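Asks:
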Amino acid sequence: MPKQFILPVLPLPEQVIFPNMTRPLLVVRERSVNALKHVIENNSEILLLTMKNVVDNPDIDDLYQIGTIGKVLQSLDPKDGSIKVFISGIVRARVLQIIQEIDFTKAIVEIPNEIIERDIETQALMNNVVSTLREYINVTKKLPPETLEDVEDALSQSDPSFLADIVGKYLAPPMFDFKIQQEILSILNVKERLTKIIEIIKYNIQIFGIEKDIDGRVQEQVSKQQKEFYLNEKIKAIQKELGKDVQGLAEIDELKKKIKDAKMTKEAEEKAFKELERLEQMPLMSAEAS
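One point on numbering: in numbering that gives the first Met the number 0, the residue at position 106 of the sequence shown is 105, and numbering is uninterrupted.
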């Protein structure tokens with residue numbers, strides 16, 4: 000491809016496509032459908048650009064500067080004004096100028112040079128990316144285990160840029176903000192890209208730990224309140240079943256005191272306590288107890 004060239008633009012709302020990444024897309028915006036039909040008919044590439052602002056006809060201020068040149072692998076036209084495509088990212092591209100044509104948007108682009116150093120530090124960063132992602136998967140369970148298999152396979156190819164982009168594609172919504180992916184896509188220095196990925200994943204591990212701790216404390220407090228409520232209700236139920244309440248128990252204690260203070264004969268006092276005991280066993284709402 001020449002140093003600078005013109006490509007149709009496919010604006011993407013809140014999603015990022017990396018090089019070496021394939022994704023199905025359902026496109027409904029008329030200008031985007033026109034752009035896709037054009038590249039399908041001409042067997043050419045298309046520029047995949049994420050939108051900063053989701054608008055009907057995005058201009059240069061609504062689009063990120065770094066995107067990915069893509070190729071349509073398969074397409075399906077359901078004849079309802081939309082189009083379904085299976086698209087693959089090829090290489091990063093930088094937008095120099097946006098051209099608004101009648102049917103669809105085009106862009107003048109160039110292929111930016113990546114800064115790739117294949118040294119011990121880069122290898123250490125690659126290993127750290129994989130181990131950090133492994134920790135994230137084990138701790139949060141938010142990504143399927145096969146993710147790690149894909150990433151470890153990328154590590155074995157000894158291509159730091161390829162590895163970074165493979166990991167980047169998994170840091171996607173809803174677990175991660177699409178802006179994070181765009182930031183990774185825009186970093187041309189591969190060491191810096193790998194470092195950024197490590198920082199992002201470790202930060203999210205920390206956030207998950209804090210959220211889990213907060214959830215645990217909240218659940219403990221809720222459980223305590225539920226236990227107290229349950230015990231209070233149980234006590235009320237027992238008292239109701241026995242026909243007693245706090246006031247009734249207090250009245251019985253008062254009667255015991257009055258019997259003792261009455262200075263009855265031993266025989267009379269025993270009889271009074273016996274009657275009181277019989278009364279204590281009766282439901283408070285019964286006619287005799289009243």
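Glycine residues also receive a C-beta, built at the ideal position from the N, C-alpha and C atoms. Since the model is a prediction, treat every value here as computed from it, not as a measurement.
1) How close, in whole Å, do the beta carbons of Gln64 and Arg28 come, if the pair is a contact with beta carbons under 8 Å?
2) Helix, strand or coil for Lys178? Go by DSSP, reduced to three states.
3) Exposed or buried, Tyr229, counting other C-beta atoms within 10 Å across all chains shown (16 or more means buried)?
4) Which one of Glu219, Val38, Leu48 has the shortest CA to CA distance from Pro10?
5) Measuring only the C-alpha atoms, how far is Ala153 from Lys178?
6) With C-beta atoms as the reference, is Leu132 less than 8 Å away from Val150?
7) Near Ile115, which residues of its chain fall below 7 Å by C-beta distance, leaving aside the five closest residues on each side in sequence?
8) Apart from the five residues on each side of it in sequence, which residues of its chain come closer than 8 Å, Cβ to Cβ, to Lys195?
9) Quick check on the DSSP output: what are the complete beta strand (DSSP E) runs of length 3 or more inside the stretch 94-155, in order along the chain?
10) Looking at the structure shown, is Phe4 part of a helix, part of a strand, or coil, going by DSSP?
11) Please classify Lys165 as buried or exposed, where buried requires at least 16 neighbouring CB atoms within 10 angstroms.
12) Report yes if the C-beta distance between Ala34 and Val54 is below 8 Å; otherwise report no.
13) Using the beta-carbon count (16 or more within 10 Å), is Tyr202 buried or exposed?
14) Which residue comes first and which comes last in the beta strand (DSSP E) that contains Leu47?
15) Can you list, in chain order, the residues of its chain whose CB lies under 6 Å from that of Asp176, leaving out five sequence neighbours each side?
16) Please report the straight-line C-alpha distance between Leu283 and Thr264, rounded to a whole angstrom.
17) Compute the beta-carbon to beta-carbon distance between Ile197 and Asn127, rounded to the nearest angstrom, for a pair I have assumed lies under 8 Å.
18) Would the stretch 62-82 count as touching the stretch 15-31 if we require 3 or more Cβ pairs under 8 Å?
19) Does the separation of the CB atoms of Leu359 and Lys83 fall below 8 Å?
20) Does Gly80 pass the burial test, meaning 16 or more other C-beta atoms within 10 Å, or should it be called exposed?
21) Counting only the same chain and skipping the five closest in sequence on each side, list residues whose C-beta sits under 7 Å from that of Arg192.
22) Give the C-beta separation of Met50 and Pro23 to the nearest angstrom, bearing in mind that I take them to be a contact with Cβ-Cβ under 8 Å.
23) Do you know whose CA, among Leu25, Pro57, Asp214, lies nearest Glu100's CA?
24) Which runs of the alpha helix (DSSP H) fall wholly inside the stretch 18-92 and span at least 4 residues, in chain order?
25) Where does Leu170 land, buried or exposed, given buried means 16+ other C-beta within 10 angstroms?
26) Considering only C-alpha positions, which residue in the set Asp102, Pro111, Val71 is nearest to Val90?
27) Throw me the rounded Cβ distance for the Thr21 and Phe103 pair, which I believe falls under 8 Å.
28) For Ser87, tell me which candidate among Ser155, Asp118, Lys70 has the shortest Cα-Cα distance.
29) From the DSSP output, which residues share a beta bridge with Leu9?
Replies: Looking at the coordinates:
1) That pair is no contact at about 21 Å.
2) helix
3) exposed
4) Leu48
5) Cα to Cα, Ala153 sits roughly 23 Å from Lys178.
6) yes
7) Contacts found: Pro159, Ser160, Val189.
8) Glu182, Ile183, Ile186
9) 104-109
10) strand
11) According to the sequence displayed, residue 165 carries Ile and not Lys. Ile165 is buried by the Cβ-count criterion.
12) Taking a C-beta distance under 8 Å as the contact criterion, Ala34 and Val54 do not qualify as a contact pair.
13) exposed
14) 45-50 is the span of the beta strand (DSSP E), which, as asked, contains Leu47.
15) none
16) The pLDDT assigned to Leu283 is 48, lower than 50, so where the model puts this residue is not dependable; a value taken from the coordinates is nonetheless given after this. Using only the alpha carbons, I get a separation of about 28 Å.
17) Sure, about 5 Å apart at Cβ, within 8 Å.
18) yes
19) The displayed coordinates of the chain run from 0 to 289. Any statement about residue 359 would go beyond what the structure contains.
20) exposed
21) Cβ-Cβ distances below 7 Å link Arg192 to Ala163, Ile183, Ile186 in the same chain, with the five nearest sequence neighbours on each side left out; the list follows chain order.
22) The pair is not a contact, with the Cβ atoms about 19 Å apart (cut-off 8 Å).
23) Comparing Cα-Cα distances from Glu100 to each of Leu25, Pro57, Asp214, the minimum goes to Pro57.
24) 29-41
25) buried
26) Pro111
27) So it is not a contact: roughly 22 Å between Cβ atoms.
28) Lys70
29) Leu47
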